[in-house]
Amino acid sequence: MSLRKLREIINKYNDYPWYNELKLFDDKYKIQDLEEEINVFKPKIAVIGEFSSGKSTLINSFLAEDLLPAKYQPTTVFITEIKYSSDNYLLVDGERRELTKENLENIDNIKSDKIEVFLNNPILQEYTFVDTPGTNDPSKFTDEIVFNLVGESDVVIFVMNINQALKETERQFISKLIRKKDLEKFFFVLNFADIVDNPRLVKNEVIDKLNTLLKLNKDTLKTHTFLYSAKEVLKNRLNGIKSESYEIFIENIDEFIKSHKQVLLNEWLENETRRIIESIILKIEAIEDKINGKAKKYEEELAKINEEMKNFELAINKELINFEREFNIIKENYKRRIKDSIKYVYSEISNEVNNMSYEQLAGTRYIELRTKKLLEDKIEQDTKLFLKDVSKLITDFDEKVLSLKDTGVNFIFTTPKKAGAGKKIVNLTALTAGGVGVASLLPTMATGVGIASGIEGLSAIAPFLAGIPIVGPVLAGIGSVGAIALPVIGSFALAAGKVLFDVAKWGVGKIGDVATVVEEKAKRRIFLNQVKKELDKIESQMISQIEKLNIEEFKENYIKSKFPQKVILEEKIKLIKSKQFETLKLAEEELVSLNNFKSELMFY
């Protein structure tokens, strides 16, 4: 059911005397915010590739406009964002300029790292496009281009000249600088396909090479690799002639986005809508409870639950001791993997540095970006293993606790439903499909929803985790775990998130600063010593985060997860005792209307 329908249900009862007492202003604002969030969701498509590969012409072919200059090579590095607007104009350093091809060709020496092109074009109502500098000039690589842009984009189109497809510099770029999780959303375009004799043969050869180089699934590569002729498509579309290669390409991109981001968007929307409905129903029940004088009864039930929680903690104490011992082993394994990964990264970088000339070391940020890429890939892999181990440990622990019932221990808690039953639980794998963190899905989702939206227990850590692009895909490592793991894994996921945050923020200006030292002293030893120093520092930070892990927060969350009615009772008592319903008196027919409102919401 749509948000519009929910709004209609709420407004339907606004003339009843109890309506204002519910104070639904916040709930109605949340519905409005959700509608705005959905309206601004627009996939971002980044187009990257070497100079003269035809990136700009490819974007022009999508736009069906000869707009972006095909051969400009700015001395200042910037990206070009092409967005929808009812007016056509160019934004450079905050200054609005006339949008012409000539103005685009003559842009130079700008202060910012991007320019914005606003264009009244139908395809821009569906997507935002980003054009980038050539990838064959490592001296112009920046975090913004290699990591941020690629990480935040929903689709990355890697354009290659079919005559030189997957040449050495292209292989180096995608294999050595692009993170593994980002490769899943890459589409490979073999441009100028109209000028070779057997383009399909070349396509198959490229797919085989990509499969060997990147270890990507071959079937996926077949649907992500396209023969294309940007000039021909542009010419045809300018003349009103349909292009089959364009239609097929856009259709595949659209299907990819829908199968990844749209799934997440729909699940997020469903969970947020459910939260609004539950909030309103809780207020309705508070009115009913106030009238029926249930406050004292609820307080008695709450006292009983608090006492039972204490008994439950004593009953599972032995299993908690075993859990802590097993968890400490997992924690030590995590630390060992981190240390091994740091050694591996240093070894790889040492080999590369020793094979580079002094000029290469001094004149490029390649080593810094390469180090960052290796770090993120390795630590991400280590963290996935850690979270999987923890998830299994929690599930096994829960099974042992439940088996205590057979030994005569009496529990009054409600056994959680399995994942997928009852209240919707977001599948973590679907949540991060395509290797994109939630922070890049919608502009304001990072604070409002976060990576763990809709997952009980994890939602509390969402604001922190959502702002870390590397963390979302790592959480996919625990997959669609049993429902019991979800409410209690939050503290461990948070610690893992902090480890990854240390990695994600590392690198800016770290090794790059050393390039000037190398240029002056021309000594690889000095360079590698600085690399080692920085790697030791990040290792120390990560190990420190892991050392802080203990089971106290887990124990508290686990016990709470077994008594979900405690939170509901506390909220009901709070509402009943609030001044909000202090003087409320309702006639019988008004109670009927209130119950009807509640029923409509429950069957929404």
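Heads up, the sequence shown is in full-length UniProt numbering, so the first residue is 1 and it goes up one at a time. For each residue, glycine too, the CB sits at the ideal point set by N, CA and C.
- With fewer than 16 other Cβ atoms inside 10 Å of its own Cβ, F25 counts as exposed.
- Taking C-beta separations shorter than 6 Å and ignoring five residues to either side along the sequence, the partners of F323 in its chain run F397, following chain order.
- Counting along the chain, the unbroken beta strand (DSSP E) around E81 starts and ends at 79 to 84.
- The alpha-carbon separation between E299 and K12 amounts to approximately 34 Å.
- The shortest CA-to-CA distance from S593 to any of W18, K5, R7 is the one to W18.
- Per DSSP, the unbroken beta strand (DSSP E) holding E116 starts and ends at 114 to 119.
- Residue range 366 to 403 is occupied by the alpha helix (DSSP H) that includes K392.
- In the DSSP assignment, G49 is bridged to V159.
- Between F187 and F226, the C-beta spacing is below 9 Å.
- Taking C-beta separations shorter than 6 Å and ignoring five residues to either side along the sequence, the partners of F118 in its chain run K83, S85, Y89, following chain order.
- Here F603 carries a coil assignment [DSSP, helix/strand/coil].
- If you draw a 10 Å sphere on the C-beta of V353, you find 16 or more other C-beta atoms in it, and that means buried.
- Listed in chain order, the alpha helix (DSSP H) runs fully inside the stretch 229 to 279 are 230 to 238, 244 to 257, counting runs of at least 4 residues.
- Of the candidates I379, R96, L549, the residue whose Cα lies closest to the Cα of R325 is L549.
- For T100, the three-state secondary structure derived from DSSP is coil.
- Under the rule that a run must span 4 or more residues, the alpha helix (DSSP H) segments found entirely inside the stretch 273 to 324 read 295 to 315.
- Relative to the Cα of K296, the nearest Cα in the group F597, E570, S599, S2 belongs to E570.
- Every unbroken stretch of the alpha helix (DSSP H) spanning 4 or more residues and falling wholly within the stretch 530 to 592 is given here in chain order: 552 to 562, 565 to 577.
- Listed in chain order, the non-local C-beta contacts of R337 below 6 Å within the same chain comprise D382, local neighbours out to five positions each way being set aside.
- Residue burial annotation: F51 is exposed, with fewer than 16 other C-beta atoms found within 10 angstroms of its C-beta.
- In the three-state reduction of the DSSP assignment, L6 falls in the helix class, which pools H, G and I.
- A Cβ-Cβ separation of about 6 Å places M309 in contact with F563 under the 8 Å criterion.
- Fewer than three Cβ pairs drawn from the stretch 202 to 220 and the stretch 240 to 249 lie within less than 8 Å of each other, which leaves the two stretches out of contact.
- Straight-line spacing of the CA atoms in Q172 and A165 works out to 13 Å.
- If you draw a straight line from the Cα of V156 to the Cα of K28, it is about 37 Å long.
- For E332, the secondary structure class from DSSP, reduced to helix, strand or coil, is helix.
- Straight-line measurement puts the Cα of E168 at about 38 Å from the Cα of L265.
- Comparing C-alpha distances from W268 to each of I543, E288, E35 shows the shortest one belongs to E35.
- Burial state of A303 is exposed, judged by a 10 Å Cβ sphere holding fewer than 16 other Cβ atoms.
- Taking I330 as reference, the option from I321, L385, L282 with the minimal CA-CA separation is L385.
- Secondary structure in the stretch 175 to 231: the alpha helix (DSSP H) runs of 4 residues or longer, each lying completely within the stretch, are 180 to 183, 199 to 214, 218 to 223 in chain order.
- When secondary structure is reduced to three states using DSSP, F129 falls in the strand class.
- The three-state reading of DSSP puts L90 in strand, counting E and B together.
- A Cβ-Cβ separation of about 7 Å places L149 in contact with T132 under the 8 Å criterion.
- As computed with DSSP, E95 is found in a beta bridge with V92.
- The alpha-carbon of I526 is positioned some 13 Å away from that of E534.
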